[in-house]
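Peer 1: Taking mature numbering (1 follows the signal peptide of the UniProt record, and there is no 0), I'd label the letters of the sequence shown as residues -19 to -1, 1 to 213.
Before we start, here is the structure in question, set down as structure tokens.
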Amino acid sequence: MGWVVMTCLLALHAAAAPAPDQIKVERRGDLLSLSWRDAEDQLQGVLTPAVPRPGEPLRLTLSVGNLQGPPFQGAVTVAFSREGVPGQVTRTLTRDAVGWSTEFVPDEAGAWDVDVRFLTTRPKAAHARFTVSEPPVPPWVWRVLLALAGGLLLVRVLYAVTRRGVTPEHPIPPLPQAANPEATPVEPGAAQPVDPPAQATPPEPGPAAPPEPGTTAPAGPAAPPVDPPADR
């Protein structure tokens, strides 16, 4: 019941609350450390992660204490707002096992504010600012870009090395072409292929020509001997 009364009192005094004091924000490893104090009270807290991203939840945990007197047990109001848009998300927190804690999901990158208000001997207000950053470029994107740059550099080096030896006095020799068998030049002294001699065709037998006068006719083939007639 006491918490309800304290919450109502805090709401009634919100309009008359003094200008918020600045909360000191320091990065410590994976979290942001929050600290603030005046002559009567002190506030400490952590904001994780240390680099909030749009669309990712961040967690705020606060601890409020009196420098004198009993421990503070009342309600704490926190308001998250993007720069230039006040009071975007406001929540009233009650003490749990670790203090006063809540989660919040920023929807855009940029500067964000968190205002903390609570009531002790008088209304207290403190203000902190943190930055929500866009997610970095994935490592594989950088690896692909480096590979492309290395490939382009290698192509340029190979092209420069190839063009270095090509001058008007030393042009690039033409590519060899296949030899034409019909126009193959014959080197001097080279042996010419010799066609095999054609076989003579024997003349067909015909009537013998008469011998010329004063010449002896060639002897013809000898006639077979004639057997003498047998005695009767």
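Glycine included, every Cβ here is placed at the ideal spot set by N, Cα and C.
Using DSSP bridges, identify the partner residues of P104.
Peer 2: As a first step, residue 104 must be located in the sequence shown, where it is residue number 123. P104 pairs with L100.
Peer 1: Could you check if P33 is buried or exposed, using at least 16 other CB atoms within 10 Å of its CB as the buried criterion?
Peer 2: Counting from one through the sequence shown, the residue named residue 33 turns up at place 52. Looking at its Cβ environment, which holds 16 or more other Cβ atoms inside 10 Å, P33 is buried.
Peer 1: Evaluate G131 with the Cβ neighbour count: other Cβ atoms within 10 Å of its Cβ, from every protein chain shown; 16 or more gives buried, anything less gives exposed.
Peer 2: Mapped onto the sequence shown, residue 131 falls at position 150. The residue in question, G131, is exposed, as its Cβ has fewer than 16 Cβ neighbours within 10 Å.
Peer 1: If you follow the beta strand (DSSP E) that D22 is in, where does it begin and where does it stop?
Peer 2: As a position in the sequence shown, residue 22 is number 41, starting the count at 1. Here the beta strand (DSSP E) through D22 covers 22 to 29.
Peer 1: In the DSSP assignment, find the beta strand (DSSP E) that holds R40 and state where it starts and stops.
Peer 2: For the purposes of this step, residue 40 is identified with residue 59 of the sequence shown, where counting begins at 1. From DSSP, the beta strand (DSSP E) with R40 extends over 39 to 47.
Peer 1: Where does G65 fall in DSSP's three states?
Peer 2: Counting from one through the sequence shown, the residue named residue 65 turns up at place 84. Three-state result, G65: coil.
Peer 1: Give the secondary structure of T75 by DSSP, where H, G and I count as helix, E and B as strand, and everything else as coil.
Peer 2: Translated into positions along the sequence shown, residue 75 becomes position 94. If DSSP states are grouped into helix, strand and coil, T75 belongs with coil.
Peer 1: Which word fits L127, buried or exposed, when buried means at least 16 other C-beta atoms lie within 10 angstroms of its C-beta?
Peer 2: By 1-based counting over the sequence shown, the position of residue 127 is 146. L127 comes out exposed.
Peer 1: Cα separation between A31 and Y140?
Peer 2: Position 50 of the sequence shown, counted from the start, is the residue given in the question as residue 31. Position 159 of the sequence shown, counted from the start, is the residue given in the question as residue 140. A31 and Y140: Cα-Cα distance of roughly 49 Å.
Peer 1: According to DSSP, what are the bridge partners of L15?
Peer 2: On the sequence shown, position 34 is the one that residue 15 refers to. In DSSP, L15 forms a bridge with V6, G26.
Peer 1: Quick check on this structure: which residue in I4, W17, G36, Q54 has the alpha carbon closest to the alpha carbon of A78?
Peer 2: Taking the sequence shown and counting its residues from 1, the one referred to as residue 78 is at position 97. Selected option, being the one with the closest Cα: Q54.
Peer 1: Indicate whether T58 and T73 have their beta-carbon atoms separated by less than 7 Å.
Peer 2: Within the sequence shown, numbered from 1, the residue matching residue 58 stands at position 77. Within the sequence shown, numbered from 1, the residue matching residue 73 stands at position 92. The answer is yes: Cβ separation under 7 Å.
Peer 1: Compute the distance between the beta-carbons of E64 and A92, then report whether it is under 7 Å.
Peer 2: To locate residue 64, count along the sequence shown from 1; it is residue 83. To locate residue 92, count along the sequence shown from 1; it is residue 111. Yes. Within cutoff.
Peer 1: Hey, F85 and F61 are a contact pair by Cβ (cut 8 Å); roughly how many whole angstroms apart?
Peer 2: Residue numbering aside, residue 85 sits at position 104 when the sequence shown is read from its first letter. Residue numbering aside, residue 61 sits at position 80 when the sequence shown is read from its first letter. F85 to F61, Cβ: 5 Å. Contact.
Peer 1: Considering only the alpha carbon of each residue, which of L39, E21, E115 lies closest to R103?
Peer 2: If you number the sequence shown from 1, residue 103 lands on position 122. Out of L39, E21, E115, E21 has the C-alpha closest to the C-alpha of R103.
Peer 1: Between V95 and L24, which are expected to be in contact by the criterion C-beta below 8 Å, what is the C-beta distance as a whole number of angstroms?
Peer 2: Here residue 95 refers to the residue found at position 114 when the sequence shown is read from its first residue. Here residue 24 refers to the residue found at position 43 when the sequence shown is read from its first residue. Not confirmed; about 12 Å, so no contact.
Peer 1: Check A141 in the structure and name its three-state DSSP category.
Peer 2: For this step, residue 141 is matched to residue 160 along the sequence shown. A141 falls in the helix class under three-state DSSP.
Peer 1: Measuring straight from C-alpha to C-alpha, what distance separates R40 and W81?
Peer 2: As a working note, residue 40 is residue 59 in the sequence shown. As a working note, residue 81 is residue 100 in the sequence shown. Cα to Cα, R40 sits roughly 11 Å from W81.
Peer 1: Nearest-angstrom Cα distance between L100 and G26?
Peer 2: Counted from its first residue, the sequence shown places residue 100 at position 119. Counted from its first residue, the sequence shown places residue 26 at position 45. Roughly 17 Å separates the two Cα atoms.
Peer 1: Cutting at 7 Å between CB atoms, please list the residues of its own chain near Q69, excluding the five before and the five after it.
Peer 2: Position 88 of the sequence shown, counting from 1, holds the residue named residue 69. So the qualifying residues of the chain are F61, S62, R63.
Peer 1: To the nearest whole angstrom, what separates the beta carbons of P38 and E89, a pair I think is in contact under 8 Å?
Peer 2: Stepping through the sequence shown from its first residue, residue 38 is reached at position 57. Stepping through the sequence shown from its first residue, residue 89 is reached at position 108. The Cβ separation is near 15 Å, so there is no contact.
Peer 1: So which of R137, I4, R8 has the shortest CA-CA distance to S16?
Peer 2: Position 35 of the sequence shown, counted from the first residue, corresponds to residue 16. Here the closest residue by C-alpha is I4.
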